[in-house]
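Undergrad:
Residue numbers (the numbering used here): 272 to 813.
#1: Given 8 Å as the limit, is there contact between the stretch 349-365 and the stretch 615-623, that is, 3 or more CB pairs closer than that?
#2: Does residue 809 pass the burial test, meaning 16 or more other C-beta atoms within 10 Å, or should it be called exposed?
#3: By the DSSP assignment, the alpha helix (DSSP H) with residue 575 in it spans what residues?
#4: Identify whether residue 506 lies in helix, strand or coil by the three-state DSSP scheme.
#5: Kindly indicate which three-state DSSP category residue 664 falls into: helix, strand or coil?
#6: Does DSSP put residue 299 in a helix, in a strand, or in coil?
#7: Tell whether a beta-carbon distance below 8 Å holds between residue 796 and residue 703.
#8: Would you tell me roughly how many angstroms separate the C-alpha atoms of residue 674 and residue 582, rounded to the nearest one?
#9: Give the list of continuous alpha helix (DSSP H) stretches no shorter than 4 residues that lie fully inside the stretch 350-401.
#10: Alpha carbon to alpha carbon, how far is residue 677 from residue 748? Give it in angstroms, no decimals.
#11: Is the beta carbon of residue 643 sitting closer than 8 Å to the one on residue 571?
#12: With a 10 Å radius around its C-beta and 16 neighbouring C-beta atoms as the bar for buried, classify residue 512 as buried or exposed.
#13: Just reading off the beta strand (DSSP E) that residue 413 is part of, what are its end residues?
#14: Suppose contacts are defined by Cβ-Cβ distances below 8 Å. Is residue 508 in contact with residue 461 by that definition?
#15: What residue range does the alpha helix (DSSP H) around residue 516 cover?
#16: Is it true that the CB of residue 451 sits closer than 8 Å to the CB of residue 672?
#17: Assuming contact is defined by CB atoms lying nearer than 8 Å, are residue 319 and residue 629 in contact in what I supplied?
#18: Please state whether DSSP places residue 617 in a helix, a strand or coil.
#19: For residue 729, which of helix, strand or coil comes out of DSSP?
#20: Less than 8 Å between the C-beta atoms of residue 592 and residue 631, yes or no?
#21: Taking Cβ positions, are residue 393 and residue 412 nearer each other than 8 Å?
#22: How big is the Cα-Cα spacing for residue 299 and residue 712?
#23: For residue 645, which residues of its own chain have a beta-carbon under 8 Å away from its beta-carbon, when the five flanking residues on both sides are left out?
#24: For the putative contact between residue 498 and residue 520, defined by C-beta atoms under 8 Å, what is the C-beta separation to the nearest angstrom?
#25: What are the residues that DSSP puts in a beta bridge with residue 249?
#26: My assumption, with CB atoms under 8 Å, is that residue 484 sits in contact with residue 523. Please give the rounded CB distance.
#27: Could you compute how far the alpha carbon of residue 590 sits from the alpha carbon of residue 528?
#28: Please name the residue in 359, 387, 766, 479 whose C-alpha comes closest to that of residue 547.
#29: Would you mind reading off the limits of the beta strand (DSSP E) that contains residue 818?
#30: Enumerate in chain order the residues of its own chain whose CB-to-CB distance from residue 685 is below 6 Å, with the five nearest sequence positions on each side excluded.
#31: Please state whether DSSP places residue 701 in a helix, a strand or coil.
What follows is the structure, encoded as structure tokens:
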């Protein structure tokens, strides 16, 4: 009997908390009131399937001297000098279990690996206005690689390493690079890693050398030959080792003709086609926030995702598409934009849109470094996008559902089958700053409500309690807003509570509010909502 009263008390407390929070959402209309809308979900078939570890972040090579527009935002955030003993950094990576980390960037094509058989001097990058990319060639000492792998093992990260693809080539004044890839130093580095039993999930060839290229460009036919060379190295060095690491390439900006020529001729040598996205323009742009809040601007990148998907579908290749690097605004982003709450509108929309076009993994530039890191460059504390990424990772399952929204044009709506649980998860992004949207979910295919025919039982008996309250008639909601309503705040609120680390550097719990299924999903002004609806059974999610 005591248990009964305790459960009922918990039920009413959860309901009261949800009602209180929802009332606060409603009261944030700032005079704009509320508008109704409908999320249409087609649950017959999945339109895409992402990797279980879809979320990925990058670590870059940039030294502290890397500056953009008079601002030097990298400090000591390169993986050459990152503080690997930081408990915050460790906890931030471990929270994903696992987080894919792509190690690479512009300077990777100027790196020497200081393996035992290398005879050249290991010197650090030095700033130079006469050098391509603004720096002299640099070096990765093997003791640092050892330290990094110790951290990767502790944190459970899955590593993709970008190899120097410019060694051995001649760079011409017209911007082209010719000649075959000299892979001797890269092969030595791969052999060193295997000998030390370091687990590398994938090896990626080159950075932004395809198509028009950044700094220089390599023709598709030569890249095909170089990819075959990398495949041979992997097969030789990993002989008897399974599974073998992935082979990724080209890690550059999408160029339809180049990518088609390349993928058509790497059908047996390539596992992943990677491309980069900086669709917001330079970090110095004063109109970044306007672009982020403009639905038509956000839609502009959809053609890149769809065109690459179509190229892969029409090719004999089995390679999958990844976004290998995406920082939104190039040249290190912009302080208080790409590291603040407002950037989650762009970031989550990117994750969801790319997934809808069958992108398997999305690597955010960066985990830490520049003005677009998921973590603060100096304190390592999470920026708002870190929590957006973590919620996505925990809630959005592999199967992507066709989703549309009828209502205000500034609502972005997406849905996936739920992750490691029943039902679906809906993601709603409200780009309007004055209006609350009351969203109801409709299904364009047959679906069932779990146990809806379980009649003749009391309402109490139908309630399930696990880590609080679970019910066939209750959904979980996660409302993300900016502190004090300031879109450029670096503090994110979850259901009205600030997300901050405790004194031990522990990532906070990401707890939902529970809402009766008969109520619409209230999406407050300038807010983001994940809604996990566990009682819906769709064919695409079985």
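Using N, Cα and C, we set each Cβ at its ideal position, and we do this for glycine too.
A quick note: this is a predicted structure, and the numbers were derived from the prediction, not measured.
TA: The answer reads as follows:
#1: No: the two stretches stay apart, fewer than three of their Cβ pairs being nearer than 8 Å.
#2: Stepping through the chain shown from its first residue, residue 809 is reached at position 538. Label assigned to residue 809: buried.
#3: In the chain shown, residue 575 corresponds to position 304, counting from 1. Residues 573-585.
#4: Mapped onto the chain shown, residue 506 falls at position 235. Residue 506 falls in the helix class under three-state DSSP.
#5: Position 393 of the chain shown, counted from the first residue, corresponds to residue 664. In the three-state DSSP reduction, residue 664 falls in the helix class (H, G or I).
#6: Here residue 299 is taken as the residue at index 28 of the chain shown, counted from 1. Legend: pLDDT at residue 299 = 49, less than 50; position of this residue unreliable, value from coordinates given subsequently. Of the three classes helix, strand and coil, the one that applies to residue 299 here is helix, per DSSP.
#7: On the chain shown, position 525 is the one that residue 796 refers to. On the chain shown, position 432 is the one that residue 703 refers to. Less than 8 Å divides the Cβ of residue 796 from the Cβ of residue 703.
#8: In the chain shown, the residue the question calls residue 674 occupies position 403. In the chain shown, the residue the question calls residue 582 occupies position 311. Straight across, the Cα-Cα distance linking residue 674 with residue 582 is about 23 Å.
#9: Along the stretch 350-401, the alpha helix (DSSP H) occurs as fully enclosed runs of 4 or more residues at 358-365, listed in sequence order.
#10: In the chain shown, counting from the first residue as 1, residue 748 sits at position 477. In the chain shown, counting from the first residue as 1, residue 677 sits at position 406. Distance between the alpha carbons of residue 748 and residue 677: 21 Å.
#11: Position 372 of the chain shown, counting from 1, holds the residue named residue 643. Position 300 of the chain shown, counting from 1, holds the residue named residue 571. The answer is no: Cβ separation not under 8 Å.
#12: In the chain shown, residue 512 corresponds to position 241, counting from 1. Counting the other CB atoms within 10 Å of its CB gives residue 512 a total below 16, which places it among the exposed residues.
#13: By one-based count along the chain shown, residue 413 stands at place 142. Per DSSP, residue 413 is not a residue of any beta strand (DSSP E); the alpha helix (DSSP H) it occupies stretches across 413-426.
#14: Taking the first residue of the chain shown as 1, we reach residue 508 at position 237. Taking the first residue of the chain shown as 1, we reach residue 461 at position 190. Yes.
#15: On the chain shown, residue 516 is found 245 positions in, with the first residue counted as 1. Careful: residue 516 lies outside any alpha helix (DSSP H) and carries neither H nor E.
#16: For the purposes of this step, residue 672 is identified with residue 401 of the chain shown, where counting begins at 1. For the purposes of this step, residue 451 is identified with residue 180 of the chain shown, where counting begins at 1. Going by C-beta atoms, residue 672 is not nearer than 8 Å to residue 451.
#17: The count along the chain shown starts at 1 and reaches residue 319 at position 48. The count along the chain shown starts at 1 and reaches residue 629 at position 358. Their beta carbons are under 8 Å apart, which means residue 319 touches residue 629 by this criterion.
#18: Within the chain shown, the letter at position 346 stands for residue 617. If DSSP states are grouped into helix, strand and coil, residue 617 belongs with the helices.
#19: Here residue 729 corresponds to residue number 458 of the chain shown, with the count starting at 1. The predicted position of residue 729 is uncertain, since its pLDDT is 35 and thus under 50; no value can be drawn from it.
#20: By 1-based counting over the chain shown, the position of residue 592 is 321. By 1-based counting over the chain shown, the position of residue 631 is 360. Yes. Within cutoff.
#21: Position 122 of the chain shown, counted from the first residue, corresponds to residue 393. Position 141 of the chain shown, counted from the first residue, corresponds to residue 412. With contacts defined by Cβ atoms closer than 8 Å, residue 393 and residue 412 form a contacting pair.
#22: Counted from its first residue, the chain shown places residue 299 at position 28. Counted from its first residue, the chain shown places residue 712 at position 441. Low confidence applies here, because residue 299 scores a pLDDT of 49, under 50, leaving its location unreliable and the question unanswered by this model.
#23: The residue labelled residue 645 in the question sits at position 374 within the chain shown. Result list for residue 645: 328, 363, 635, 637, 638, 639, 653, 654, 656, 657, 660, in chain order.
#24: For the purposes of this step, residue 498 is taken as the residue at position 227 of the chain shown. For the purposes of this step, residue 520 is taken as the residue at position 249 of the chain shown. 6 Å between Cβ atoms; contact.
#25: Not covered by the structure: residue 249. The range shown for the chain is 272 to 813.
#26: For the purposes of this step, residue 484 is taken as the residue at position 213 of the chain shown. For the purposes of this step, residue 523 is taken as the residue at position 252 of the chain shown. With a Cβ gap of about 7 Å, residue 484 and residue 523 count as contacting.
#27: What you label residue 590 is simply residue 319 of the chain shown in a count that begins at 1. What you label residue 528 is simply residue 257 of the chain shown in a count that begins at 1. Each residue's alpha carbon lies about 17 Å from the other.
#28: Working through the chain shown from its first residue, we reach residue 547 at position 276. Distance from the Cα of residue 547 is smallest, within the candidate group 359, 387, 766, 479, for 479.
#29: Because the chain here runs from 272 to 813, residue 818 falls outside it and cannot be looked at.
#30: In the chain shown, residue 685 corresponds to position 414, counting from 1. Excluding positions up to five away in sequence, the list reads 623, 674, 698.
#31: By one-based count along the chain shown, residue 701 stands at place 430. In the three-state reduction of the DSSP assignment, residue 701 falls in the strand class, which pools E and B.
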